[in-house]
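In order, the protein sequences belong to chains A and B.
Heads up, the first sequence is in UniProt numbering, so the first residue is 1 and it goes up one at a time.
Heads up, the second sequence is in UniProt numbering, so the first residue is 1 and it goes up one at a time.
To keep things clear, I will list the structure first and then write my remarks on it.
There are 2 protein chains.
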Amino acid sequence: MTSKPSGMVDHLNAEQWGKLSPLMMHHGHFAPGDIVSHRGDLLDHSLLLLDGLVARKVPRGQRARSTVVALQFPGEFVDLHAFPLKKLDHDVVSLTGTSVARIAHDDLHHLLNGDVELARKLWLMTLVDASIHRHWVMRNSAMRALARVANFLCEYDARMTAAYAGERDSLPFSLRQSDIADATGLTSVHVSRTLRDLREHGCCSVSGGQLAIHDRAGLHKMGMFDAAYLYMPQSGTAL
Amino acid sequence: MTSKPSGMVDHLNAEQWGKLSPLMMHHGHFAPGDIVSHRGDLLDHSLLLLDGLVARKVPRGQRARSTVVALQFPGEFVDLHAFPLKKLDHDVVSLTGTSVARIAHDDLHHLLNGDVELARKLWLMTLVDASIHRHWVMRNSAMRALARVANFLCEYDARMTAAYAGERDSLPFSLRQSDIADATGLTSVHVSRTLRDLREHGCCSVSGGQLAIHDRAGLHKMGMFDAAYLYMPQSGTAL
DNA sequence: CGCCTCCTTGAGTAGCTTCAAATTATGTGG
DNA sequence: CCACATAATTTGAAGCTACTCAAGGAGGCG
């Protein structure tokens with residue numbers, strides 16, 4: 001039995017989780033760098049991330065680094081959009097050691113046929129992904145490196161906090177600077193310099209697989225961060 | 001009675017359109033610059049775009065220009081994601097004179113309760129939007145100005161062609177250069193220079209409200225364009 | 001015609017990239 | 001546990017891309 005993770009799946013109530021979780025008996029594991037699914041694969045199941053970090057990547061030629069177009073945290077579906085779409089436009093890559101619960105599309109199909117409200121909740125969860133995509137478009141199009149990286153780290157903080165229920169001043173952080181670069185549209189060299197700037201501003205520091213947040217308010221200000229676009233289940237934000 | 005537009009709604013079959021269209025008796029019009037709905041508004045209906053162009057914009061302070069995070073073409077829903085989300089994270093702005101068909105969420109709710117397949121089709125249409133968002137993240141993060149604008153124009157061409165069924169070498173184009181700038185994360189000055197480059201390369205030219213495509217293959221190459229991410233209904237592409 | 005908006009062009013510069021090398025972390029086998 | 005190999009980060013210097021500021025031109029509309 002899969003115990004209910006926090007985070008995105010908090011959009012589901014206990015009854016809804018009670019219906020969904022029995023369909024996710026098969027658990028799986030991936031190592032850092034494993035490709036969970038390839039662009040264009042025909043998928044017959046989706047995965048709920050239980051632990052670790054997964055990226056959606058768009059490959060760009062063999063020489064260039066691929067772009068990270070999305071990041072998934074524990075409690076989020078990694079590829080729920082494959083249920084209606086069947087084939088994805090991007091790769092799904094495990095960035096850390098990850099653990100996932102698998103749900104077959106056939107099972108999901110039958111379950112959702114009998115529960116319109118649950119279907120709408122899953123729809124909503126994919127729409128929150130889309131809202132985050134829009135924010136990434138804005139961030140990578142309209143923000144300068146310092147604000148961009150700060151905002152990225154704010155989002156990491158917020159989603160990680162939601163996933164592991166409870167705000168901390170130091171969180172596990174297993175992204176490499178080149179991962180941040182791929183997600184923010186910068187070079188890893190410039191990410192390095194930008195993280196130094198954030199450190200020297202007294203906002204936060206990344207080292208030893210930990211993100212230490214020294215001044216959350218300052219970091220939010222520097223990244224012009226407003227969490228509304230994350231549509232957090234239990235938050236009382238404006239949206 | 002709303003006659004079925006081409007484009008995104010081609011994902012629906014005739015029967016499904018037959019069920020949906022009677023709910024869209026109210027038609028509306030907007031002028032260029034009209035704000036169709038504001039960020040955070042509580043929405044009780046969604047709009048299908050019949051003619052014109054609509055942008056989803058994230059406002060960024062009062063001084064700076066707002067970022068265009070998405071563009072909607074005829075045959076696409078402008079804010080279908082408001083059905084599950086209720087409140088949106090962005091403004092919806094009419095860029096041209098537009099005509100829309102309105103569908104109340106209550107009506108949609110009842111219709112979808114009785115038709116799981118139709119519900120899944122509408123879900124799918126919002127997921128295509130999300131796929132396009134991901135492409136925009138990639139484009140604005142990883143492409144240089146020339147490729148970026150070329151790719152943007154390729155997308156415009158493809159979606160416009162789908163909306164008005166039939167490939168043409170000259171299409172109506174009512175975006176200003178500052179709109180292209182807001183959508184691509186460039187300045188309007190640089191868009192002007194970039195369009196000149198594309199013109200001098202013999203790819204395409206924008207003038208008098210028309211986009212003239214002189215060398216579609218060359219434009220696609222310059223923008224590294226692959227339409228798979230658009231999940232066109234009747235296309236036989238790999239995805 | 002005069003006004004306003006949009007587009008174009010030029011000059012100077014900031015921000016980020018590229019390339020390359022040095023330094024520090026991480027992991028592995030003996 | 002150390003020595004080594006590999007991967008990740010940091011720093012420096014030089015260059016290019018795109019931005020900013022500013023002025024001039026073109027077109028549309030009252």
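Glycine included, each C-beta is placed from N, C-alpha and C at the ideal position.
The beta carbon of PRO59 (chain A) does not come within 8 Å of any beta carbon belonging to chain B, so the residue lies off that interface.
Assignment of beta-bridge partners to CYS203 (chain B) by DSSP yields no partner.
Take HIS38 (chain B), set aside five residues on each side of it, and the residues of its chain with a beta-carbon closer than 7 Å to its own are ASP91, in chain order.
In the structure shown, the three-state DSSP call for SER66 (chain B) is coil.
In the three-state DSSP reduction, LYS86 (chain B) falls in the coil class, being neither helix nor strand.
Beta-bridge analysis with DSSP links PRO172 (chain A) to A:GLN210. The continuous beta strand (DSSP E) containing SER46 (chain A) extends over residues 45–51. For HIS27 (chain B), the enclosing beta strand (DSSP E) stretches over residues 26–30.
Counted as a single uninterrupted DSSP element, the alpha helix (DSSP H) harbouring ARG139 (chain B) occupies residues 116–142. Nearest CB-CB separation between TRP123 (chain A) and chain B: below the 8 Å threshold. Put simply, the backbone Cα of SER188 (chain A) is about 43 Å away from that of LEU112 (chain A). Inter-segment contact for the stretch 139–146 of chain A and the stretch 207–217 of chain A is absent: fewer than three beta-carbon pairs are separated by less than 8 Å.
Contact check for ASP107 (chain B) against LEU23 (chain B) passes: the beta carbons are separated by less than 8 Å.
ASP129 (chain B) reaches chain A at ALA130, counting residues in chain order whose Cβ is nearer than 8 Å. Judged by DSSP secondary structure, ASP91 (chain B) falls within the beta strand (DSSP E) whose first and last residues are 91–94. Per DSSP, the unbroken alpha helix (DSSP H) holding THR184 (chain A) starts and ends at 177–184. Rounded to whole angstroms, VAL69 (chain B) and SER170 (chain A) show a C-alpha spacing of 32 Å. With respect to LEU48 (chain A), THR98 (chain A) sits apart: the two C-beta atoms are not nearer than 8 Å. Here the alpha carbon of ALA158 (chain A) sits roughly 23 Å from the alpha carbon of THR67 (chain B).
For VAL9 (chain B), the secondary structure class from DSSP, reduced to helix, strand or coil, is helix.
With a cutoff of 8 Å on beta-carbon distance, LEU88 (chain B) and MET125 (chain B) are scored as not near each other. In the structure shown, the three-state DSSP call for ALA165 (chain B) is coil. A distance below 8 Å separates the beta carbons of SER46 (chain B) and PHE83 (chain B). Within the DSSP bridge table, the entry for ALA101 (chain B) names B:HIS27 and B:LEU48 as partners.
Excluding residues up to 5 positions away in sequence, SER66, THR67, VAL69 and HIS90 lie with their Cβ nearer than 7 Å to the Cβ of VAL58 (chain B) in the same chain.
Rounded to whole angstroms, the gap between the alpha carbons of HIS190 (chain A) and ARG176 (chain A) is 13 Å. Counting along the chain, the unbroken beta strand (DSSP E) around LYS57 (chain A) starts and ends at 54–58. Residue contact with chain A for THR126 (chain B): present (Cβ-Cβ distance below 8 Å to some residue of chain A).
For SER37 (chain B), the enclosing beta strand (DSSP E) stretches over residues 35–37.
Shown here, PHE73 (chain B) sits in coil according to DSSP, grouped into three states, outside any helix or strand. In this structure, the straight-line span from the alpha carbon of ALA181 (chain A) to that of GLY223 (chain B) is close to 22 Å. Within 9 Å of the CB of TYR231 (chain B), the CB atoms of chain A belong to LEU85, LYS87 and ASP89, in sequence order along the chain. Note that the C-beta distance between LEU71 (chain B) and ALA55 (chain B) is below 8 Å. Closest option to ALA162 (chain B), judged by alpha-carbon separation, among B:THR2, B:GLY75 and B:LYS4: B:GLY75. Linking VAL93 (chain A) to VAL128 (chain A) through their CA atoms gives a straight-line distance of about 20 Å. The shortest C-alpha to C-alpha distance from ILE132 (chain B) to any of B:LYS86, B:LEU219, B:LYS121 and B:ASN151 is the one to B:ASN151.
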